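Asks:
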Amino acid sequence: MTAYQLPADLWRQRVLPFLTIIELLALRSTSSTIGASIVTAILLLHRIDGSLARHALLGLIDMDRTHKGPLLFSYLLRVAYVLDQGGREWRVMGTFIRLAVIHGLTPNG
Numbered sequence: 042m043t044a045y046q047l048p049a050d051l052w053r054q055r056v057l058p059f060l061t062i063i064e065l066l067a068l069r070s071t072s073s074t075i076g077a078s079i080v081t082a083i084l085l086l087h088r089i090d091g092s093l094a095r096h097a098l099l100g101l102i103d104m105d106r107t108h109k110g111p112l113l114f115s116y117l118l119r120v121a122y123v124l125d126q127g128g129r130e131w132r133v134m135g136t137f138i139r140l141a142v143i144h145g146l147t148p149n150g
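In this note's numbering, the protein residues as written are 42 to 150.
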């Protein structure tokens, strides 16, 4: 570690939580020393779970958690991006999805 590099734990705890998905991707792409080692599929999965919980969508919508292969990071990045872009609108969408389930308007409802 050189004098200007932050330790990985400091990145994970103090910097990454404040970055958007786009900024995380830019960090991963441009930082050869730390980006790919801290911006991982596991980090994206934690961000996705946090977004689902924050918008009261747990148990209402989910993603394919069994997705495997070399495109796993790309898949998780897309899911995280959609959740990130939806912002506050996800709460409204959650209400509509719940109403659709209650009234039997969904395939599994």
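All C-beta atoms, glycine included, are put in the ideal place defined by N, C-alpha and C.
These numbers were taken from a predicted model, which means no experiment stands behind them.
1) Could you pull the start and end residues of the alpha helix (DSSP H) that residue 119 belongs to?
2) Do residue 120 and residue 104 have their CB atoms nearer than 8 Å?
3) Classify residue 92: buried if its beta carbon has 16 or more other beta carbons within 10 angstroms, exposed otherwise.
4) Does DSSP put residue 107 in a helix, in a strand, or in coil?
5) Going by DSSP in three states, residue 96 sits in which element: helix, strand or coil?
Replies: Concretely, from the data shown:
1) DSSP places residue 119 in the uninterrupted alpha helix (DSSP H) bounded by 113–127.
2) Yes, the Cβ-Cβ distance between residue 120 and residue 104 is below 8 Å.
3) Looking at its Cβ environment, which holds 16 or more other Cβ atoms inside 10 Å, residue 92 is buried.
4) It is coil, neither helix nor strand.
5) The three-state secondary structure of residue 96, taken from DSSP, is coil.
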